[in-house]
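See below for the structure under consideration.
Chains as they are written, first to last, in this note's numbering: chain A, 1 to 139; chain B, 1 to 115; chain C, 1 to 765; chain D, 1 to 503.
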């Protein structure tokens, strides 16, 4: 399914980077304000979804630059990895570890929950785009 | 307020179940969607409603106001929403494939009980 | 060592196929026969200690929590059986070598040996659970042996029949054993034997007795469970001789004899066991009269013998028990021999029809002699062991009453007739033309019948030795206390002897009118017997199973769902109704109805409206839009009640869901209405009821608070310990991050699934 | 134990993810699947040994105090179930190497398989009800895809029913969870149990009973009890044999496990009525399942109906509710998982030999493959409760306890069902092994080479051996089951292990 509309194409092309930036913003502020990995992931996928509707799935895949299933895998790996750090220290699985950085809030605290959230973000993007691209590519 | 939402929940369940009971595959999918709405709303309502502040600690403060919405059910619902999103996507793909193979979306024709 | 003797048979059974890996191996059967031969010798060596009441025992703990132990005991009764099993077993192993071809032997011996081991286990176990295990193993190996010629439908169905009947009894027996164990406080047989009073006064005595007897009756083919035995004659003849006359069918008799000291002596015992035994004795003998197939003849006469044994054990007088033990041995010897003769005849002539056999004495003299001696023993003529046995049985009858004597004499008459038909008839008169030209059978095949016949003669000649060697101690086991049995061949002329003479003469007379006798009896054949009932029940069961499955597992998804929803609704409603002080009115109380604002009501109406549109919309797009609208409106609710994260997520997901629906529905057909108006009405009622239940559940649950929420912990610790202000997010990525990990896994799997379903092409790599 | 406890979740998850990342290489995925399953088996064995020696393990994942974070708990029941997952997981993983079609592997069989194991393990380990829901979903989602993988007609029809009905069950579960949370404000099972154990008003206990019914229905659907089992016989015969083998062994048992867990830990107050209800359901489940099996003429459909029938035995112990009865249930589950999966695997060999599993089109296998015949007989008779195989002791324990408790009706039913089970196993035996191959049927020239057959046989032989071992060595395993049963009937041990000594 695709729509041949110049307006749509232009909009999509313009929106893509902006939406991605916006999703990054949502992601970062998520720990303190409404937002977080899920929502950010959904926004990012929406950007590519729009692009794929405006152009087609193949071009959207090209712009994405990575196989969506791989993205799922990487997201899951990050989430899982974030749980290992504490195990090396003899603590339970998935315990949050934090370090302080000399940066302004919200960047002053970096910890494994953020890595976990990052995994969530990537996995959501990967899955959503897998859905959408696969459905669009159905003959 | 709970009464109103309880009725809404009942209505959503009724609508969803009715759609599940249809012979048409396509309608069944819509039924699944409605039921998942109903279930989420049920958790939300059963955990008691409040118009109080959302469970976010304002930046200026270190502690939390006395009245707040219960964050735990929200987290649960969020999880449930995302899971049912995945499930519905899969169900859609499954229906597509079934339709392609069976050539019909009449569920009554899909009852290969004997082999 | 006893345990080893039993287990060694299983070990050899497992290994025996290896002996037949080479082509044309003639020695293997002889090698295998060494095992039961050696075991016989071993069991004989145990006899003296058993005779003085000091049997060899062996015990190892096993599944103690369940009451099973690995204990064996070789008393007189057990050894008598063990000797029958291993002795006749030796001969059958040798006999089979001539009877079956090389290729079949490799599949035959393992099961024959497994059977032998199981049977030895039954005879020597001192624990009821252990005994039951071996008991069932005999059923299984018997199944495999009856169905040995498994290409034949008859073999398969007869094997199944035997298995089902004996297993059904076995299961009843299992329950009986458990009850007996509860009544007697143990499963160890030797301990139970000394616990008679406690068992018989226990309220579970009668059920335990009946259930155990069911097991014994089915195994020993007592009326009305007798029908499987004649059908089992499709088995190769060595099997019939071994299992279905000499050993396995006597397992039931054995069990009754074994438990007689615990369970016997009550009215219930006497009437049930004695009654069933008498019936079987008469019915078996009567049915045998009209048979012309050698093996079926023998099978029915075996029924009669089993009935006699059961009857004697049921009567339970010392004389009767002595007679039972003697008959047990005598019958094993002569019936085994006669079966093997029948096999030899079939093997040589190609037929088992007695009307087609005659005058074979000239071509098969050795077989004929063996057959004749065995037949005389069966007919109860001196100086054979069968005579002693019969005299004892007649005496038992005379001791008790007239009616029983009449029944016993009838049995004796049948026996004489059958003995002549089987053991004498085929060899005398003019030689008939048979499908194959008959020759004398090879050594391996005449050895067994002649040896068994010879033993009948030997035991008849030296009854004193036989009784002091084994009969006494075996009888002691059955009676439950030490008794001394002195057998004599000649008792002088007494009523029993006179009756004997009468039955022999009458039997011979019957033989001369056998053809007209058969034709008369065949007219009265009764087809509504238990065998018919079995088939009828099996067919009925299948019909019922098919009907039930069609009703339940019909394949219509919507009816499945209907059932589930109905069960949910009904059971939920019942449960709610049982809660005290719950009714619809009380749910609409102040706390639930307060605080309603106008836009809440608007929102509710809108959501319900969109749900209704989604249900009723005739177009797919309309329904999708309505579904999406409902989702967005619900997001608004989340927003109003302090859940902004939820609201945003719901918005985003709902949008994506709508996109997915649109993309998918593009490829799916338009809405169609398949179901009828009445179906729709029923479904509407069902779903409204289910919805109402959910409403009620929410209202009731909201009113009950057993404990307050644990959420305060998150509020207090989110910032100081988890460094996040958005508590929902902190719960997701920290407090309950395992949920989230699982959830993204679900998503990932869904991704793989959607990809696979949409991209999959057969054969594509 | 901090490390050991989450391993049954981590190992398959990691394996699955790596296999997903290696989606291009079929070979790598095959190796990963077997390696991961082996690692899982080892981990679960260590866990069982640990729990057996040291009592219940509990770990607070993410390090938060008990009712607030998610607790993983392994008592004996959980540990036993996990070992079974390990055994079946490895057996089927090996079997699948020769059974699964290359295309299915390319589209993610090995990844999905590991995710399935992860979901199952998670369900057995978690001490949190909502977390249980999540693991259910992981397991279900993976099973949905595995069921549909290959995408032929029958599979789609089966998958549709399977998916829909299981989603309904999840929806009921979720609703019950929501109501439960609203009532007690917590989701940790031990915490819920603790809060339910105080003095309750009539209204409160009435509501708890209602919730118990909801849980009974939700888990009952997954466990395939009467009359909620429709999804099972319509789907289990459709996918590849490896998939039905692992389903048959593990999936319904998760439902049974959940029933046992909540009805020994959470819903324990004043439950006589529900126990009687469970006994009635157990009887009906046994009967309808076994009759269904009797009516079928397809290998895997017969087996599928038998699963249902045996679920009845498993919940019979729950209905009787004594230590020995629960031990009987646990023993039965152990036995059933080993035996039932193996029967499916054997059906797989038959399928590879004949290209079909319709009993009418098969025959003469006893002469062709006597060893397979004997293996089948051992396993099938064990299923039918024939002594001295594993099934006998499983049944024996339950029947004995039923008689002790004077529940004569259920004992009678279970005995009759045992006979009918034997009947339908013998039907398969007669049709597949004894009967001659029907004349009109041609045996396909099997593409399976000797090496392939060896791979198929290896797990079958090992599992059959385990069956015999469980029978002959019934004592230690029954003792273990008995201790598991005693643990289950003393929920305070579990609660203390999770919440700590101070309430």
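Glycine is no exception: its CB is placed at the ideal position from the N, C-alpha and C atoms.
Requested in this report: Taking only the alpha-carbon atoms, compute the straight-line gap between residue 765 (chain C) and residue 93 (chain D) and give it to the nearest angstrom.
Outcome: Per-residue confidence for residue 765 (chain C) stands at a pLDDT of 35, beneath the threshold of 50, marking its modelled position as unreliable; no derived number is given.
**Report entry** is_contact[residue 23 (chain B), chain D] using C-beta, thresh 8 Å
**Finding:** For residue 23 (chain B), not one C-beta of chain D is nearer than 8 Å to its own C-beta.
Query raised in the report: Can you list the residues of chain C that residue 79 (chain A) reaches, using a CB-CB cut of under 7 Å?
Result: Correct list: 741 and 744.
Query raised in the report: In three-state terms, what does DSSP make of residue 543 (chain C)?
Result: Residue 543 (chain C) carries a helical assignment under DSSP once its states are collapsed to helix, strand and coil.
Report task. Pull up the DSSP beta-bridge partners for residue 812 (chain C), would you. Result -> It is not possible to answer for residue 812 (chain C), since the shown part of chain C is limited to 1 through 765.
Query raised in the report: For residue 439 (chain D), which of helix, strand or coil comes out of DSSP?
Result: Note: residue 439 (chain D) maps to coil in three-state DSSP.
Requested in this report: To the nearest angstrom, report how far apart residue 1 (chain A) and residue 676 (chain C) are at their CA atoms.
Outcome: Here the model assigns residue 1 (chain A) a pLDDT of 47, short of 50, so the residue's position is not dependable and the matter cannot be decided.
Report task. Select from C:609, C:576, C:181 and C:225 the residue whose C-alpha is nearest the C-alpha of residue 399 (chain D). Result -> Looking at C:609, C:576, C:181 and C:225, the one whose alpha-carbon comes closest to that of residue 399 (chain D) is C:181.
**Report entry** Cβ pair residue 84 (chain B), residue 36 (chain B) closer than 8 Å
**Finding:** Cβ distance < 8 Å, so residue 84 (chain B) and residue 36 (chain B) count as in contact.
Requested in this report: Would you grab the beta carbon distance between residue 58 (chain D) and residue 127 (chain D) for me? Rounded to a whole angstrom, and I think it's under 8 Å.
Outcome: With a beta-carbon spacing of about 7 Å, residue 58 (chain D) and residue 127 (chain D) fall inside the 8 Å limit used to define contacts.
Requested in this report: Give me the Cα-Cα distance between residue 320 (chain C) and residue 382 (chain C), rounded to the nearest whole angstrom.
Outcome: Roughly 20 Å separates the two Cα atoms.
Query raised in the report: Hey, quick one: how far does the beta strand (DSSP E) through residue 44 (chain B) stretch, first residue to last?
Result: Element bounds for residue 44 (chain B): not the beta strand (DSSP E) but the alpha helix (DSSP H), 25-46.
Report task. Run the proximity test for residue 597 (chain C): is its beta-carbon closer than 7 Å to any non-hydrogen atom belonging to the ligand FMN? Result -> The ligand FMN is not part of this structure, which contains no ligands at all.
Report task. Could you list the residues in the segment 661-682 of chain C with a C-beta less than 7 Å from some C-beta on chain A, going in chain order? Result -> Under the 7 Å Cβ criterion, the segment 661-682 of chain C contributes 663, 664, 666 and 667.
Query raised in the report: If you check the beta carbons only, do residue 13 (chain B) and residue 46 (chain B) fall under 8 Å apart?
Result: Result no, Cβ atoms of residue 13 (chain B) and residue 46 (chain B) do not sit closer than 8 Å.
**Report entry** Alpha carbon of residue 133 (chain A) to alpha carbon of residue 107 (chain D), nearest angstrom
**Finding:** Their Cα atoms are separated by approximately 16 Å.
Query raised in the report: What are the complete beta strand (DSSP E) segments, minimum 3 residues, inside the segment 599-637 of chain C?
Result: Unbroken beta strand (DSSP E) runs of no fewer than 3 residues, entirely contained in the segment 599-637 of chain C, are not found.
Query raised in the report: For residue 570 (chain D), which residues of its own chain have a beta-carbon under 6 Å away from its beta-carbon, when the five flanking residues on both sides are left out?
Result: What is shown of chain D runs 1 to 503, which leaves residue 570 (chain D) out entirely.
Query - Sequence-distant residues of the same chain with beta carbon closer than 7 Å to residue 175 (chain C), five excluded per side - result: Around residue 175 (chain C): 211.
Report task. Kindly list, in the order they appear in chain B, the residues whose Cβ is closer than 8 Å to that of residue 546 (chain C). Result -> The premise fails here: residue 546 (chain C) is roughly 10 Å from chain B at the closest Cβ pair, so nothing lies under 8 Å.
Report task. Compute the distance between the beta-carbons of residue 183 (chain D) and residue 701 (chain C), then report whether it is under 8 Å. Result -> The Cβ-Cβ distance between residue 183 (chain D) and residue 701 (chain C) falls below 8 Å.
**Report entry** Cβ pair residue 379 (chain C), residue 415 (chain C) closer than 8 Å
**Finding:** Between residue 379 (chain C) and residue 415 (chain C), the gap from beta carbon to beta carbon is short of 8 Å.
Requested in this report: Give the straight-line distance between the Cα atoms of residue 51 (chain A) and residue 108 (chain A), rounded to the nearest whole angstrom.
Outcome: Rounded to whole angstroms, residue 51 (chain A) to residue 108 (chain A) spans 35 Å at the Cα level.
Report task. Let me know if residue 524 (chain C) comes out buried or exposed under the rule of 16 or more other beta-carbons within 10 Å of its beta-carbon. Result -> Exposed is the call here.
**Report entry** residue 497 (chain D), buried or exposed, once every other Cβ within 10 Å from all chains shown has been counted against 16
**Finding:** If you draw a 10 Å sphere on the C-beta of residue 497 (chain D), you find 16 or more other C-beta atoms in it, and that means buried.
Query raised in the report: Looking only at C-alpha atoms, which of C:264, C:97 and C:86 sits nearest to residue 124 (chain C)?
Result: Cα-wise, what sits closest to residue 124 (chain C) is C:86.
Query raised in the report: Who are the near neighbours of residue 156 (chain C) in its chain, counting only those whose CB is closer than 7 Å to its CB and skipping five residues on each side?
Result: Same-chain partners within the cutoff: 147 and 150.
Report task. Check the Cβ of residue 68 (chain D) against every Cβ in chain A and list those closer than 7 Å, keeping chain order. Result -> Listed by position along chain A, the residues whose Cβ is nearer than 7 Å to that of residue 68 (chain D) form an empty set, because the closest Cβ is around 13 Å away.
**Report entry** Cβ distance (whole Å) where residue 312 (chain D) is taken to contact residue 286 (chain D) below 8 Å
**Finding:** Residue 312 (chain D) to residue 286 (chain D), Cβ: 3 Å. Contact.
Query raised in the report: What residues in the segment 48-60 of chain B bring their beta carbon closer than 9 Å to a beta carbon of chain A?
Result: Answer set for the segment 48-60 of chain B: 54, 56, 57 and 59.
Report task. Would you list, in sequence order, the uninterrupted beta strand (DSSP E) runs of no fewer than 3 residues that lie entirely inside the segment 374-414 of chain C? Result -> Runs found: none.
Query raised in the report: Does residue 91 (chain B) come within less than 8 Å of chain D when only Cβ atoms are used?
Result: Yes, because at least one Cβ of chain D sits closer than 8 Å to the Cβ of residue 91 (chain B).
Query raised in the report: Can you check whether the CB of residue 462 (chain D) is closer than 8 Å to the CB of residue 299 (chain D)?
Result: Taking a C-beta distance under 8 Å as the contact criterion, residue 299 (chain D) and residue 462 (chain D) do not qualify as a contact pair.
Query raised in the report: If you compare alpha carbons, which of B:93, B:7, B:15 and B:6 is closest to residue 685 (chain C)?
Result: Residue B:15 is the option with its Cα nearest to residue 685 (chain C).
Query raised in the report: Which residue from D:389, D:435 and D:342 puts its Cα closest to that of residue 361 (chain D)?
Result: The option with the nearest alpha carbon to residue 361 (chain D) is D:435.
Query raised in the report: In three-state DSSP terms, what is residue 24 (chain A)?
Result: Per DSSP, reduced to three states, the secondary structure at residue 24 (chain A) is helical.
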